[in-house]
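So the structure is just underneath, and the comments pick up after that.
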Amino acid sequence: MTEPVYIASLHRPFNQQLKPSKWICTFVDTLDKSIPSSQILSEFYYYLIKTLNKEYQKELPDAFNGLPSDVAINSIWEYIQNINSKKEFLSELPNIILDRKTVIDKQIYSTYKAASYYLNLAKDKFNLISPKNTLTVNGKALLEIKSNFFRISQREATFYFERILEADFHLFITHCLFIKLGLKYNLKSVIAEQSEFINDYLKIKHFNFTSSSLSNYNIVRNSWVESLNVLDAKFNIRRNYIEIINSNVKFYEWYNELLLLFKKFENEGFKEKMAFVKRKGMFLKIYKQRLKKDKNDLGFINLHNIKGEMRISAENFQKFLVEFYESEKKNRNIYFSNTVNSIDTRERFYIRNRPVIKIKIKDK
DNA sequence: GAAGAAGGCGGAATCGATAA
DNA sequence: TTATCGATTCCGCCTTCTTC
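Using our numbering, the first residue of the first sequence is number 158, and each one after it goes up by one.
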């Protein structure tokens, strides 16, 4: 297995939009000499406020999602106008960010942080700007593409797709594959399965899955998938993007390797697990229906009645029941009973070697 | 109107620039 | 080279919005 390529951290919401990384390139391109790292952020910040103020007057983006609001930009620009000097504003900036007492201070703090993430995306993640803060070959190539200020053109989509693959191939493609998997098995969320795949199959131990990191980062990946229109109606990667993968030896190799692992994951246990999840849903639904319908037996329902509606063999039902009890007992209170009101000679099921015929489930 | 999802936001942890 | 300190990055809480 190739060492997986992935971005270890993506911040929602500021990394959700790709376009700001182009704005930085435009900004760097306007400078006549290279700018030290200690100055680039505050200089870019000023440029960002000024530019967005101008652009928001012409047109508002389809969705802000990580872009500063027009309200915030308006008031910050007004504030700067009152100071009437860029130099003075920039020298005040560190104090504003440190103290942030007023509403405007907080707006500045928040938009400044946004600017910081845009710079980081362009520089550290996509390599559009060199460590010396000059445009890289990629950065220059991006500026060659003319497009709308907010929207991503088809050529830009191709460009960004390539940058994403270079920086985040394994987790980005994995995310696409799991979106499809979720659709295939009609799952609400695939985050737990995806975590398992990343951990056990890709051997990426970076994420501590008790935290919400991966799901947060996936929100960012998801908005990239959407803004670049990567998936078709059936949630397969579109042909033009597959062609990009196929035309690059490295991507092609990684893709096929990843597909193999993914298939393996799906076939090893996943399908079985999904079958169990489906049965569990059915079992609980029937239990609850019976609870309303049947004569009250202190919440106990005869297992044979549930089994009958589930249309499942006695052998499979027995197997399911054991798995249900063992995996669910930490989530719910599950009680069994072997006593019935009238004589019931039907066979018993066995839980931990005890014969049972009725079940009672209480949510914790 | 409750539950769940989405999004905004504050601030702590960490990183890295600077100066000695 | 290393210590310091402020800037940057990351985490996840909490409010707001959406859906049932």
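We treat Cβ as the ideally placed atom computed from N, Cα and C, and that holds for glycine.
For residue j and residue i, the rounded distance between their alpha carbons
i	j	result
Thr367	Leu478	At Thr367, the pLDDT of 44 sits below 50, so the modelled position is not reliable; the number obtained from the coordinates is stated separately. Spanning the two alpha carbons is a distance of roughly 29 Å.
Asp389	Arg395	6 Å
Ala229	Phe171	15 Å
Asn393	Val387	8 Å
Lys190	Ile197	12 Å
Arg320	Leu217	26 Å
Phe354	Phe427	10 Å
Lys360	Val377	22 Å
Ile336	Glu383	12 Å
Thr208	Cys182	13 Å
Residue i versus the options, residue with shortest Cα-Cα distance
i	options	result
Ile399	Ile330, Ile514, Arg505	Ile330
His327	Tyr204, Glu429, Phe408	Phe408
Glu212	Leu300, Ile376, Ser194, Phe307	Phe307
Glu466	Glu480, Lys445, Glu485	Lys445
Leu276	Val434, Met431, Trp180	Trp180
Lys280	Leu175, Ala432, Lys464	Leu175
Asn343	Phe506, Asn210, Gly438	Gly438
Asn379	Met158, Ile508, Arg169	Arg169
Asn510	Tyr482, Ser304, Val382	Tyr482
Gln173	Tyr236, Glu160, Ala220	Ala220
Leu415	His332, Ser195, Val513	His332
Opening and closing residue of the beta strand (DSSP E) in which residue i lies
i	result
Asn490	489 to 494
Phe506	506 to 508
Pro512	511 to 513
Proximity below 9 Å, CB of residue i to CB of residue j
i	j	result
Phe283	Ala314	no
Asn459	Lys420	no
Asn403	Tyr412	yes
Ile518	Asn473	no
Ser178	Leu278	yes
Glu410	Thr159	yes
Alpha helix (DSSP H) segment containing residue i, residue limits
i	result
Val185	177 to 187
Thr331	311 to 341
Leu478	471 to 485
Asn239	227 to 240
Val406	406 to 422
Same chain, Cβ closer than 8 Å to residue i, neighbours up to 5 away in sequence not counted
i	result
Phe318	Leu385, Val387, Tyr398, Ile401
Thr268	Tyr202, Leu205, Ile206, Pro225, Ala229, Ile230, Ile233
Tyr266	Ile253, Ile254, Arg257
Residues near residue i by beta carbon distance below 7 Å, same chain, minus five either side
i	result
Glu200	Ile192
Leu247	Ser199, Tyr203
Cβ-based neighbour list, residue i, same chain, cut-off 6 Å, excluding 5 preceding and 5 following
i	result
Ser494	Phe457, Lys515
Leu167	Tyr374, Val377
Near the ligand NAP: residue i beta-carbon under 8 Å from a heavy atom
i	result
Phe306	In terms of ligand content, the structure shown is empty, and the ligand NAP therefore cannot be addressed.
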